[in-house]
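Numbering (this note's numbering), first residue to last: 57 to 337.
Note that the Cβ used here is the ideal one computed from N, Cα and C, for glycine as well.
The structure displayed is predicted, hence computed values, not measured ones.
One structure is given below, encoded as structure tokens.
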Ligand SMILES: C[S@@+](CC[C@H](N)C(=O)[O-])C[C@H]1O[C@@H](n2cnc3c(N)ncnc32)[C@H](O)[C@@H]1O
């Protein structure tokens, strides 16, 4: 018998797939190549998947790959925009990955009732992570978990959100939440509280307390934003609102790095590549 196709996943896709609880019925919105659905079914994480896309070209690619993987009976393909691809009660998990934050927010807004019925949304916005988290909170979702994926010099964060009472497998949020509250109580001025809030929205509070890899991302954004601040300061007519906003972000990144190294220890590779100054600044 010919060997069946098994997609080789990039670290970004691998991280998204690993967030799906075993035995889920999945909707993979904007499936493109269909790799997420194929890997989920092959690993037993999905018992069934609806792979949908707004465009015929990508969906045809998914249909081909699903056929090569021999999974036509477990993965249904549908040509439709956003969550209109699924009906009430068809999916426990809705995955929307590899799109801009605005597109994801639009997709959710257009069919909020179905999005809220799913046990978990697994979202991987390519940009504007803080806006994504604020959108979810404003619309009644809980932020359940974040996951950082590193691909060369690119950083991706996927997040799990839920508007239901479903408990996410393996998550004990109490420990880190207790630490966070303790820190806030120790330093509770409104200015500090604002930086903490910004820090959580930008980076995901669970990652700050649990993932030593986050330090790489924090260093990366600190450098990027600090350079942008210098440029803004050199402008003939400086945009003071933008400068203030970016300053808060830099402060949040530095606080997050301090907390992250305190709770997770110093990653030896990070220390070797960036040196003690970058880590302890
Ligand atoms: C960059 S690909 C990401 C594919 C895959 N989800 C991943 O993470 O690798 C984005 C896909 O989303 C599709 N897409 C964009 N907007 C969409 C929408 N509103 N509804 C469904 N699919 C959409 C595009 O056609 C494209 O195939």
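- Separation of the CB atoms of residue 102 and residue 82 is rounded to 4 Å, and the pair is thereby assigned contact status at 8 Å.
- Pairing residue 219 with residue 291, the inter-Cα distance amounts to about 44 Å.
- Residue pairing by DSSP puts residue 152 in a beta bridge opposite 85 and 179.
- DSSP places residue 104 inside the beta strand (DSSP E), whose first and last residues are 102-109.
- In the three-state reduction of the DSSP assignment, residue 133 falls in the strand class, which pools E and B.
- If you keep only unbroken alpha helix (DSSP H) runs of at least 4 residues inside the stretch 184-226, you get 185-194.
- Of the candidates 188, 306, 146 and 175, the residue whose Cα lies closest to the Cα of residue 163 is 188.
- Its Cα nearest to that of residue 248, the residue 308 stands out among 308, 216 and 266.
- In this structure, DSSP gives residue 66 a state outside helix and strand, which the three-state scheme calls coil.
- In terms of Cα proximity to residue 177, the closest of 61, 320, 72 and 318 is 72.
- The C-beta distance from residue 107 to residue 65 rounds to 15 Å, too long to fall under 8 Å, and the pair is not in contact.
- Excluding five sequence positions before and after residue 160, the CB atoms of its chain that fall closer than 8 Å to its own CB belong to 152, 179, 181 and 188, given in chain order.
- Buried is the label assigned to residue 104, since at least 16 other Cβ atoms lie within 10 Å of its Cβ.
- Contact between residue 80 and residue 87 does not hold, since the beta-carbon distance rounds to 15 Å and is not under 8 Å.
- The beta carbon of residue 225 sits closer than 8 Å to the beta carbons of 77 and 78 from its chain, once the five residues preceding and following it are set aside; these are given in chain order.
- Residue 256 counts as buried, since at least 16 other C-beta atoms from the protein chains shown sit within 10 angstroms of its C-beta.
- Residue 311 is a Cβ neighbour of residue 251, given a cutoff of 8 Å.
- Between residue 211 and residue 259 the beta-carbon gap is near 11 Å, outside 8 Å, which marks them as no contact.
- Check the Cα spacing between residue 165 and each of 194, 130 and 97: the tightest is with 194.
- Between residue 216 and residue 75, the gap from beta carbon to beta carbon is short of 8 Å.
- Put simply, the backbone Cα of residue 221 is about 47 Å away from that of residue 294.
- Under the criterion of beta carbons closer than 8 Å, residue 313 and residue 284 do not qualify as touching, at roughly 18 Å.
- Excluding sequence positions up to five before and after residue 206, its CB lies within less than 7 Å of the CB of 67, 269 and 272, all in the same chain and listed in chain order.
- By the 16-neighbour rule on beta-carbons within 10 angstroms, residue 296 is exposed.
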